[in-house]
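Each residue of the sequence shown is one higher than the one before, starting from 0 at the first, in numbering that gives the first Met the number 0.
Ideal Cβ placement from N, Cα and C applies to all residues, glycine included.
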Amino acid sequence: MTYDLVVRNGTVIDGSGGPRRRADVAVLGGKIAAIGEIDGAGREEIDAEGHIVAPGFVDAHTHMDAQLFWDDLGTYSCYHGVTSAVMGNCGFTLAPARPNERALVVRNLERAEDIAAEAMAQGIDWTWSTYAEYLDAVEKQSKGINYAGCIGHSALRTWAMGERAFTETANAQDMAVMAEELRGALAAGAVGFTTSRSHSHTTSDDRPVASRLASWEEVVELVGIMGRESQGAFEIAAEAHHGDPEGLADYERRLQELAVSTGVPIMYGVIGGKSTKLIDDTVAKGGRMHGLTHCRGVSSLYSFHTNIVYDVLPEWREVRSKPLEEQRRLLSDPQVRARLVHAGKYGDYGNRLGPEASKPNYDRLHVMQSTYKPNPTLRQMADERGIDPVELVIDLALESNFEVFFQQFYNTESDEGMVATLRNPNTAMTFSDAGAHVKSIIDGSIQTHLLAYWVREKQLLTLEEAIPMITRQPAELWRLHDRGLLREGLAADITIFDPQRVAPRMPYVTSDLPGGASRFVQKADGYKATIVNGQVFMRDGEATAARPGQLLRARHGDRKGRADAGALATAH
Ligand SMILES: [Zn+2]
């Protein structure tokens, strides 16, 4: 027997949660042909001695919808063992959109997910109107990793209502148009439907994104259609009811009722120490509900090459608008420094949203020295030096030749709390937002952080526990039934890494977006190879010439077909 590829001598952890074992993995025709002792040769062989052989990682919460048109690798998720990404989360998609209404979907996406409108205008050949046509465009695109897509509520609303989507509730006619397009998207293989009711999702002109104008009844109706007619899942960027426990209880009651009455799996971010109680209760009542978790704590990354926390202040903007050499001179000038320190301490940071720069919290603002171990806060370092934190930012900029990175965390979370959330069987470690916020967050590396920090450094999770969190569990959320496990007959998506070395590298800034805008990229050490649909796509941390990624289309069947677990077709 000759195989296309044999991975030899590795330690297989198959994503099921079962124990590791020494085994070879043989691949034929894009599928896993055998796992065990393989006698036959492979046309290509990889020696995985000393390495873990795991299912390719699945990222269930991304916004790669736009990026995949100008980046055929799927950076920088591809550097972190990811072989499949689910896009279209939080209600934001590039389809449906009529040619003369593209500005409306861009308006929804641009600020809420911080994807440059210019990059979308220059980097995308808009060939579609409907979501089904969008999936066809994704299918045609050359790509390194697999993508599955859900249809977003904001685009769906603007499709049905045009400008009124940003100001009105939907009438019966609007609902009929939305229902028809939703059905078309599901029939074409969308894996689900998503929405946002989050106050942080705002357009560039400070209005709510379109999905936030929807009544709850509108959401119930659309999710109901999906539940009756497909096996799709529903993702929601949750309503926030800060300081309003009754409003929160009402929202949670509505969400639970929706899960139990429709049977549709519902998922949302469980980050920043958020409790899983609603999920546990809903599951106990027979609904399906899942938490999308994080393992580092969501943070914004600041650098002098992109943005720093003070850039919203006029005194700082004046200095920061100059070339770096000029900034160096100004930051060294005692008078300028005094003015900047005063502004940093007492300036008006305004009303900023989500990961946008806001008034710094120096107890949670860290100087990035290690890429995965705890780093000192600005408060700690400033106290040690006996200076103000604003002065410290200036000093570190000069000392590092502007190469310093600052990481602002939004919450603190105990190790015990984090690990308990990760271990909850109804969560998946996947809240990367990859493809979005490319100039403010670097969470496309959280899969690597899980392995480097929680498994190796802290030893609070075993690899057998951690790997399902980034493979089988996220694949199950969106019913990617042939992904997330190493099993004979399933797609040959495989990630091979060295458990002693795997770690994120320092991020860097590059200006490779269409139109020249900059973004962060973070690579990793310790990944020997990533195999997508049986082909070696990444080797020793860099892409090969292969682009084996596919569009993963859901094949829903109707309600009767639900029992046979709904196969997921891979399009060639
Ligand atoms: Zn998102």
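Beta-carbon spacing of P503, T447 below 8 Å: As a position in the sequence shown, residue 503 is number 504, starting the count at 1. As a position in the sequence shown, residue 447 is number 448, starting the count at 1. It is a contact, given that the beta carbons lie within the stated cut-off.
The region 177 to 184 in contact with the region 257 to 268 per 3-pair CB rule at 8 Å: no
Pairwise C-alpha distance: E138 and A570: Here residue 570 is taken as the residue at index 571 of the sequence shown, counted from 1. Here residue 138 is taken as the residue at index 139 of the sequence shown, counted from 1. In this prediction, A570 scores a pLDDT of 41, lower than 50, which makes its location untrustworthy; the coordinate-derived value is nonetheless stated afterwards. Straight-line Cα distance between these residues: approximately 7 Å.
Closest residue to V11 among M0, G28, E36, K30 (Cα-Cα distance): Locating residue 11 in the sequence shown gives position 12, counting from the first residue. V11 has its Cα closest to that of E36, out of M0, G28, E36, K30.
Neighbouring residues (CB closer than 6 Å to any heavy atom of ligand 2): The ligand content of the structure shown is limited to ligand 1, which means ligand 2 is not among them.
Reduced DSSP secondary structure (H/G/I, E/B, other) of V24: For the purposes of this step, residue 24 is taken as residue 25 along the sequence shown, with counting starting at 1. In the structure shown, V24 sits in a strand (DSSP, three-state: E or B).
P333 to A116 span [Cα, whole Å]: As a working note, residue 333 is residue 334 in the sequence shown. As a working note, residue 116 is residue 117 in the sequence shown. Going by the C-alpha atoms only, they are around 39 Å apart.
Backbone CA spacing between A544 and Q534 [nearest angstrom]: For the purposes of this step, residue 544 is identified with residue 545 of the sequence shown, where counting begins at 1. For the purposes of this step, residue 534 is identified with residue 535 of the sequence shown, where counting begins at 1. C-alpha separation (whole angstroms): 10 Å.
Contact between the region 41 to 57 and the region 458 to 477 (3+ Cβ pairs under 8 Å): yes
Among F536, E456, P506, nearest to T494 - alpha-carbon criterion: Looking up residue 494 in the sequence shown gives position 495. Closest by alpha carbon: F536.
Cβ neighbours of V297 in the same chain (closer than 6 Å, five flanking residues each side left out): Counting from one through the sequence shown, the residue named residue 297 turns up at place 298. Closer than 6 Å at the Cβ level, and outside the excluded window around V297, lie I270, Y409.
For H152, the three-state DSSP class (helix, strand or coil): On the sequence shown, residue 152 is found 153 positions in, with the first residue counted as 1. Three-state result, H152: helix.
W345 classed as buried or exposed, judged by whether at least 16 other C-beta atoms fall within 10 angstroms: Here residue 345 refers to the residue found at position 346 of the sequence shown. Just to set this straight, residue 345 is Tyr in the shown sequence, not Trp. Exposed is the call here.
Beta-carbon spacing of D71, S141 below 8 Å: On the sequence shown, residue 71 is found 72 positions in, with the first residue counted as 1. On the sequence shown, residue 141 is found 142 positions in, with the first residue counted as 1. A contact, by the Cβ cut-off of 8 Å.
Nonlocal neighbours in the same chain, by C-beta distance under 6 Å from V418, ignoring five residues either side: In the sequence shown, the residue the question calls residue 418 occupies position 419. Excluding sequence neighbours, V418 sits near L459.
Opposing strand residues paired with T1 [DSSP bridges]: As a working note, residue 1 is residue 2 in the sequence shown. Its beta-bridge partners are A40.
Exposure label - Q406; buried when at least 16 CB within 10 Å: Counting from one through the sequence shown, the residue named residue 406 turns up at place 407. Its Cβ being crowded by 16 or more others within 10 Å, Q406 is buried.
A40 classed as buried or exposed, judged by whether at least 16 other C-beta atoms fall within 10 angstroms: Your numbering for residue 40 matches position 41 in the sequence shown. Answer is exposed; the Cβ neighbour count stays below 16.
C-beta contact flag for I530 and A491 at 8 Å: Walking along the sequence shown from the start, residue 530 turns up at place 531. Walking along the sequence shown from the start, residue 491 turns up at place 492. Yes, they are a contact pair.
Of the listed residues G343, C77, N423, A553, nearest to L479 (C-alpha basis): As a position in the sequence shown, residue 479 is number 480, starting the count at 1. Looking at the Cα atoms, A553 is the closest of the given residues.
Which of helix, strand or coil DSSP assigns to E234: Here the question's residue 234 lines up with position 235 in the sequence shown. In this structure, E234 counts as strand in the three-state DSSP scheme.
With 16 other Cβ atoms within 10 Å as the buried cut-off, status of D563: The residue labelled residue 563 in the question sits at position 564 within the sequence shown. Confidence is the limiting factor: at D563 the pLDDT is only 40, short of 50, which leaves the residue's position unreliable and the question unanswerable from this model.
Burial state of Q326 (16 or more Cβ within 10 Å): For the purposes of this step, residue 326 is taken as residue 327 along the sequence shown, with counting starting at 1. Result: buried.
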